[in-house]
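Report on the following structure.
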Amino acid sequence: MRAKENARRGSGPLCGFRVVDLTQFILGPVATQILGDHGADVIKIENPAGDLNRKIGPARHPGMAAMFLGMNRSKRSVVLNLKRREALDALNRMIEEADVFVHSMRPESAERLGVGYKAVAARNPRIVYACAPGYRQDGPFRDRPAYDDVIQGESG
């Protein structure tokens with residue numbers, strides 16, 4: 000890890016570690032929020048429309064729902080339209096400099112975008128790669144879309 004190279008203001012056991020966060024809904028944002036609370040430099044990637052959680056629940060200001068703010072504290076944020084080549088290039092540069100990459104996409108979506116494990120590990124062999132899709136990576140539902148409510152219903 001390159002904790003000293005990435006050192007930033009702040010403290011905590013993860014100070015100096017950089018995390019690229021390409022997650023949505025609950026599991027991924029809460030996981031990366033905990034990393035940020037412990038000092039990691041978490042960079043949240045959002046699409047131009049914004050994270051869906053920005054609009055869920057009460058908000059004093061448009062796009063700033065309490066749930067979104069709670070799950071994304073201790074993070075920096077950048078907007079990237081990953082349908083554009085230059086945005087993908089920017090994401091890849093961030094991944095090359097990161098210590099951790101976290102996403103919550105279906106495996107086929109991650110691979111199509113170029114952020115599947117093999118592609119990310121080829122760019123940065125030292126990276127810790129974490130993914131939180133709705134279903135097992137090797138199961139029959141691996142490429143089905145899912146989020147918290149669906150997963151709860153499926154699991155009983």
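Mapping to the working numbering: the sequence shown position 61 is 60, numbers consecutive.
We put the beta carbon where it would ideally sit given N, CA and C, even for glycine.
Three-state secondary structure (DSSP) at Leu21? Within the sequence shown, numbered from 1, the residue matching residue 21 stands at position 22. In the structure shown, Leu21 sits in a strand (DSSP, three-state: E or B).
Who are the Cβ neighbours of Met70 in its own chain at under 8 Å, not counting the five residues just before and after it? Along the sequence shown, one-based indexing puts residue 70 at 71. Same-chain partners within the cutoff: Ile25, Pro28, Val29, Gln32, Asn52.
Quick one: measure Cβ to Cβ for Val77 and Ile44, integer angstroms, because I've assumed they're closer than 8 Å. Taking the first residue of the sequence shown as position 1, residue 77 is located at position 78. Taking the first residue of the sequence shown as position 1, residue 44 is located at position 45. Their Cβ separation, rounded to whole angstroms, is 6 Å, which keeps Val77 and Ile44 in contact under 8 Å.
Would you mind reading off the limits of the alpha helix (DSSP H) that contains Val78? Against the sequence shown, residue 78 aligns to sequence position 79. That residue, Val78, is in no alpha helix (DSSP H); its beta strand (DSSP E) goes 74-78.
Pairing CB atoms from the segment 100-108 with CB atoms from the segment 82-90, are three or more of them under 8 Å? When Cβ pairs closer than 8 Å are counted between the two stretches, the segment 100-108 is seen not to touch the segment 82-90, the count staying below three.
In angstroms with no decimal places, state the Cα-to-Cα distance between Met222 and Leu21. Absent from the structure is residue 222, since the part of the chain shown begins at 0 and ends at 155.
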